[in-house]
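Throughout the sequence shown, residue numbering follows the working numbering, covering 80 to 237 in sequence. C-beta atoms are modelled at their ideal positions from N, C-alpha and C, and glycine is treated no differently. Here the structure is a predicted model, which is why all the values come from computation and not from measurement. Below is one structure, written out as structure tokens, with a few remarks after it.
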Amino acid sequence: MHYSKPFEHKSIFQNTMIEKKQAKYDKAYLRMASEWSKLSYCNRKQVGAIIVRDRMIISDGYNGTPSGFENCCEDEEGLTKWYVLHAEANAISKVANSTQSCDQATLYITLSPCKECSKLIHQSGIKRVVYQNGYRDTSGIDFLVKAGVIVDQIKELD
Ligand SMILES: [Zn+2]
Numbered sequence: 080m081h082y083s084k085p086f087e088h089k090s091i092f093q094n095t096m097i098e099k100k101q102a103k104y105d106k107a108y109l110r111m112a113s114e115w116s117k118l119s120y121c122n123r124k125q126v127g128a129i130i131v132r133d134r135m136i137i138s139d140g141y142n143g144t145p146s147g148f149e150n151c152c153e154d155e156e157g158l159t160k161w162y163v164l165h166a167e168a169n170a171i172s173k174v175a176n177s178t179q180s181c182d183q184a185t186l187y188i189t190l191s192p193c194k195e196c197s198k199l200i201h202q203s204g205i206k207r208v209v210y211q212n213g214y215r216d217t218s219g220i221d222f223l224v225k226a227g228v229i230v231d232q233i234k235e236l237d
């Protein structure tokens, strides 16, 4: 008797529908991250991040100084203060300070993560990163891919 392996649980049509729906949500979350970036007080670069888990937004962040410090991100020479937290680091920290967890979550971010934040992203349990603009240094992205995190870029948000 011949046993054939069953086909994919869902038909190609169903899968296409799911992908289309996912792409729609991905863009909407990225647009939110973009809105969040506008809240940043940093003059040099404004970055926004949203963390989604089980189809729920569990955190958000933009690059800026830690709570309790004055909002200005640059010193008199226009250089970014060393203690400014990147958007994703702020969003992950917010989760750490809550009852939520980043495990299996997706991070939406307007700029591809730097190598320092990539370590945090992987270690926090985030499983997917969707970003809009690519940072010139790709070490962060390279690290994430190596760590098994799914990385997607979506340039057009409409
Ligand atoms: Zn960073």
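Take the alpha-carbon of G227 and the one of L199: they are about 14 Å apart. DSSP lists M135 as the beta-bridge partner residues of R132. For E153, the three-state secondary structure derived from DSSP is strand.
Distance from the CA atom of N142 to the CA atom of S90, rounded to whole angstroms, is 42 Å. The stretch 131-150 and the stretch 160-179 touch, with three or more beta-carbon pairs separated by less than 8 Å. The Cβ atoms of V131 and T217 lie no closer than 7 Å to each other. Between the alpha carbons of R207 and I229 lies a gap of roughly 5 Å.
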